[in-house]
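To start, the structure under review is shown below, and the notes come after it.
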Amino acid sequence: MEKLEMLYEGKAKKVFRTDDPKLYIVDYKDDATAFNGEKKGTIAAKGVVNNTMSAIIFEMLETKGIPTHLVKLLSDRETLVKAVTILPLEVIIRNVAAGSFSKRYGVEEGRPLAKTVLEFSYKDDALGDPLINDDHILALELATEEQLVIVKKYTYAINAALQEFFLDKGLKLIDFKIEFGLCDGEIILADEISPDTCRLWDVKTNEKMDKDRFRRDLGNVESTYQEVLARIKN
Ligand code: UDP
Numbered sequence: 004m005e006k007l008e009m010l011y012e013g014k015a016k017k018v019f020r021t022d023d024p025k026l027y028i029v030d031y032k033d034d035a036t037a038f039n040g041e042k043k044g045t046i047a048a049k050g051v052v053n054n055t056m057s058a059i060i061f062e063m064l065e066t067k068g069i070p071t072h073l074v075k076l077l078s079d080r081e082t083l084v085k086a087v088t089i090l091p092l093e094v095i096i097r098n099v100a101a102g103s104f105s106k107r108y109g110v111e112e113g114r115p116l117a118k119t120v121l122e123f124s125y126k127d128d129a130l131g132d133p134l135i136n137d138d139h140i141l142a143l144e145l146a147t148e149e150q151l152v153i154v155k156k157y158t159y160a161i162n163a164a165l166q167e168f169f170l171d172k173g174l175k176l177i178d179f180k181i182e183f184g185l186c187d188g189e190i191i192l193a194d195e196i197s198p199d200t201c202r203l204w205d206v207k208t209n210e211k212m213d214k215d216r217f218r219r220d221l222g223n224v225e226s227t228y229q230e231v232l233a234r235i236k237n
């Protein structure tokens, strides 16, 4: 399968057309951004880590009955995926308080939550991806009621599968963001699942093993991404 013209270039990935209109090739970059693009940098080999890790995780999720865009890992940085229309929603699960949740509600990072929190953000860089609720989504016609039911069902199932998967690798899943797409009218998991999109803390030391090392200048950014991939491959 060959890459034809580039359809889209995002902050961390490029998407290419192929000779099959139903299939795209995603090419992962080393570029890193944070705080809605205010902080920019590169993390050497991040593209390789995120591409490989996403493929391994999407394959695992498929075995748990979650439909995903994954077709086939093509190379270190490239994956063949089903062409989808991305729903303009960031779906976030929080198992433990951290990041913007801690800031917004004034709770210490690391505080376990009495209930798993599912949050939506409206995917719009110009607006800074504002937090929205079900009514906002329906009022703005970002998804239908039926689609929202499926998105939530899949998201809770993904959380359960990921928590178990990561715990087995010595990693606690604090929170994560996923995106869904529409493919022939069906909702499927798209985008990526990687240290860019999950908060992962070492089970024993609580050390941050994710993009917070870049966001907060904690050091050992590249080696941490490599360590996460090495654990996931085991
Ligand atoms: N996240 C993401 N992309 C975004 C915003 C958040 O992948 O544009 C992920 C982030 O890595 C974390 C979770 O979603 O695992 C919750 O992020 P939060 O809302 O706390 O925002 P942040 O502190 O990252 O700005």
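Residue 237, in our numbering, is where the sequence shown stops; the numbers in between run on with no holes. A virtual CB, placed ideally from N, CA and C, is assigned to each residue, including glycine.
Given the structure, does residue i come close to the ligand UDP, in the sense that its CB is under 6 Å from one of the ligand's heavy atoms?
i, result
"Lys211", "no"
"Thr200", "yes"
"Asp220", "no"
"Phe183", "no"
"Gly102", "yes"
"Phe179", "yes"
"Ile140", "no"
"Ile95", "yes"
I believe residue i touches residue j by the beta-carbon criterion, under 8 Å. Please report the beta-carbon distance rounded to the nearest angstrom.
i, j, result
"Leu64", "Leu192", "7 Å"
"Lys172", "Ile235", "6 Å"
"Met4", "Ser197", "The Cβ separation is near 22 Å, so there is no contact."
So, using beta-carbon positions, are residue i and residue j closer together than 7 Å?
i, j, result
"Glu93", "Lys180", "yes"
"Ser124", "Asp132", "yes"
"Arg202", "Asp178", "yes"
"Gln229", "Ile190", "no"
"Leu76", "Ala48", "no"
"Glu182", "Asp194", "yes"
"Ile89", "Gly188", "no"
"Val120", "Arg97", "yes"
"Lys25", "Thr36", "no"
"Glu8", "Arg20", "yes"
"Gly50", "Asp33", "yes"
"Ile95", "Glu225", "no"
"Ile60", "Ile161", "no"
Mind the definition here: the region 29-38 touches the region 77-84 only if three or more C-beta pairs lie below 8 Å; say whether that holds. The way I'd put it, the region 29-38 does touch the region 77-84; three or more beta-carbon pairs between them come closer than 8 Å.
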